[in-house]
Amino acid sequence: MRKLSRKGKVSLNVLAFIILFGAVIIGTYFWQIRMQKPLEVDMGVMHHGEAGSNHAHGVAIPVTNNGALAMRACNEIIAEASEAPLREFRLTAAQTVKELDNGKSAKVWAFNGLVPGPELRVTEGDRVRIVLNNKDINEGVTVHWHGIVLPCSQDGVAGVSQNAVKPGEQFTYEFEAGYPGTYWYHSHQASSEQVKKGLLGKLIVEPKNDAFDYDEEDSLLIQQLNGTYLMNGSTKDWNIEAAPGSTVRVRVINAANETDTVSVNGAAYRIIAMDGHDLNEPGLLDNYEFQMGAGQRYDLLLQIPQQGKVIVASKKSGLKATLGTGSDPVISSDPSLFSFVDYGKPVSDKSKARLSFDRNYSVTLDQNLFVNTINGKSFHEIPPMMVEEGDHVKITITNAGGGDHPFHLHGHVFRVLSRNGQPLSGSPVYLDTLLTQKGEAFEVHVIADNPGLWMMHCHDLMHASMGMSMMFNYEGVTTPYRVGTKSGNLPDL
Ligand SMILES: [Cu+2]
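In the UniProt record's numbering, the protein residues as written are 1 to 493.
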């Protein structure tokens, strides 16, 4: 046998090193997201002692007559009875096979057999009731109503607001669709797994009185189904029928885990809403593209030209929607990047940003080696952000690296105050999901007006599953449910 040359030995060593290094990376990764799960955690009291520092703020905790803390359980905080029109839906989660229009078929988990699930469309002010059934998803499912402000018990987070719904079981959600806008829903049990497998859908709350006029509307949901990008469930381009000269509202939903860049060619357009919240006097954007963090929604308003098409393209997926008829537009090679920092017009003196806050918190989103962290900690090790009803809370969110981190808060809408020290000078911007990129720092204002236990996490669900997830908890709110391997409630796995 021929002796290995020195060069050959070196390359064998390198190969062995690469294999070993790869094994360590993959092993750590699976240990991190699969194995390192707590046995049992009460998300209502985790690290309570070191968390709130509310005593330092001199904030009173709600107490009963006998001096004890007035406690309320999340699952008992329900929607008040109302006379609002009732809209009822059924969602049944089940394993199925989806025939994709690229000729392939995929094993998926779907609501009502559809990927994405059925579009739920209601009107502002409606009472919405959704009966969730689980046919055969063994680890259980929930539905979280992303962006909707609703009572704690209806938030759909396994181990916080409910137990995961096991096969054969049922859970009924009920809430009022308070704010019109573009939303979506997805399972919040093992979310990184279940959203990827298809348990998601559109939720559109139509306004009673629309602030904007348009002739047509359509929505584009972009998702990654087991890694394959789809737009409205299709691997092909989407077509929106619209007559020349007509005005169209396009609701874009980024339900994938990655930041997407969306371009519009063939017409100038306005971004009229972000995360379901209208912008004030949005200006015309000509030759602009915009970035959407995972979980975010952007509503566009545009006019179809007399001749030719408009193309709304998602760069990340390579998928696009065409509107109108005729020839394709010229695709711009040098679009500017949209920023909401100075877009639109301020509303009035009344909406001026607040200067003093009852509580100030900072969160630094980062990644060390293979763990995603908030303030250097992961998972349930991160102390919850403690607030009390009525508090005005300022949160400074810093992205220290490890990728884009779209920061999502449940149960609330926050107002963005500044980016990198620059106060917003245009329209007020209200979001439930804020895209942060490396080196960016944002200040946001949250009004604590919805008592409960609320998750706050990166909406790159892989990052959340690797630890970038914490709680925004009200003093005195508890939960009878537990997160952990014992109960099987693993909201971010
Ligand atoms: Cu992230």
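Beta carbons: idealized from backbone N, C-alpha and C, even for Gly.
So, for residue i: in the same chain, excluding its five sequence neighbours on each side, which residues have a beta-carbon less than 6 Å away from its beta-carbon?
i    : result
P244 : I304 and Q306
G52  : Caution applies to G52, whose pLDDT of 35 falls short of 50 and renders its modelled position unreliable; the model cannot decide the point.
P85  : D126
F340 : V429
T64  : Any reading at T64 is ruled out, since the residue's pLDDT is 49, under 50, leaving its predicted position unreliable.
T398 : T364 and A441
M1   : Residue confidence for M1 is low, a pLDDT of 47 falling below 50, so the modelled location carries little weight and cannot support an answer.
N239 : T322
G484 : P38, L39, E40 and V41
S362 : T396
V122 : R87, V128, A177 and V205
P151 : I77, I78 and A79
Hey, is residue i close to ligand 1, as in C-beta under 7 Å from one of its heavy atoms?
i    : result
C458 : yes
G113 : no
N372 : yes
H405 : yes
H463 : yes
L365 : yes
M468 : yes
On the DSSP bridge list, what partners appear for residue i?
i    : result
K202 : W184
S336 : Y288
V310 : L323
L120 : L203
C458 : F407
Should residue i and residue j be called a contact, given that it needs their Cβ atoms to be closer than 8 Å?
i    : j    : result
P384 : M470 : yes
N257 : L493 : no
M292 : D260 : yes
G117 : A94  : no
G227 : N254 : no
L300 : A242 : no
V143 : S192 : no
I130 : L91  : yes
H457 : H380 : no
V393 : A448 : yes
W202 : L132 : The residue asked about is misnamed: residue 202 is Lys in this sequence, not Trp. The answer is no: Cβ separation not under 8 Å.
L453 : V160 : yes
L220 : V252 : yes
A467 : S378 : What sits at residue 467 in the sequence shown is Gly, not Ala. In contact: G467 and S378 (Cβ atoms closer than 8 Å).
Can you round the beta-carbon distance between residue i and residue j to whole angstroms, since I take them to be within the 8 Å contact cut?
i    : j    : result
K107 : G140 : 18 Å between Cβ atoms; not a contact.
N450 : V149 : 6 Å
D237 : K320 : 5 Å
D358 : D391 : 4 Å
R270 : L285 : 7 Å
S427 : N280 : 4 Å
Output needed for residue i: all residues of its chain with C-beta closer than 7 Å, excluding positions within five of it in sequence on either side, in chain order.
i    : result
V416 : L424, V429, L431, L434, F442 and V444
G488 : E139, G140 and A164
V115 : K98, V108, G198, L225 and G233
D366 : T373, A400, G401 and G402
Y214 : T247, V248, R249 and L301
Excluding five sequence neighbours on each side, which residues of the same chain lie with their C-beta closer than 8 Å to the C-beta of residue i?
i   : result
G49 : Reliability of the predicted coordinates at G49 is poor, the pLDDT of 37 falling under 50, and no value is obtained from them.
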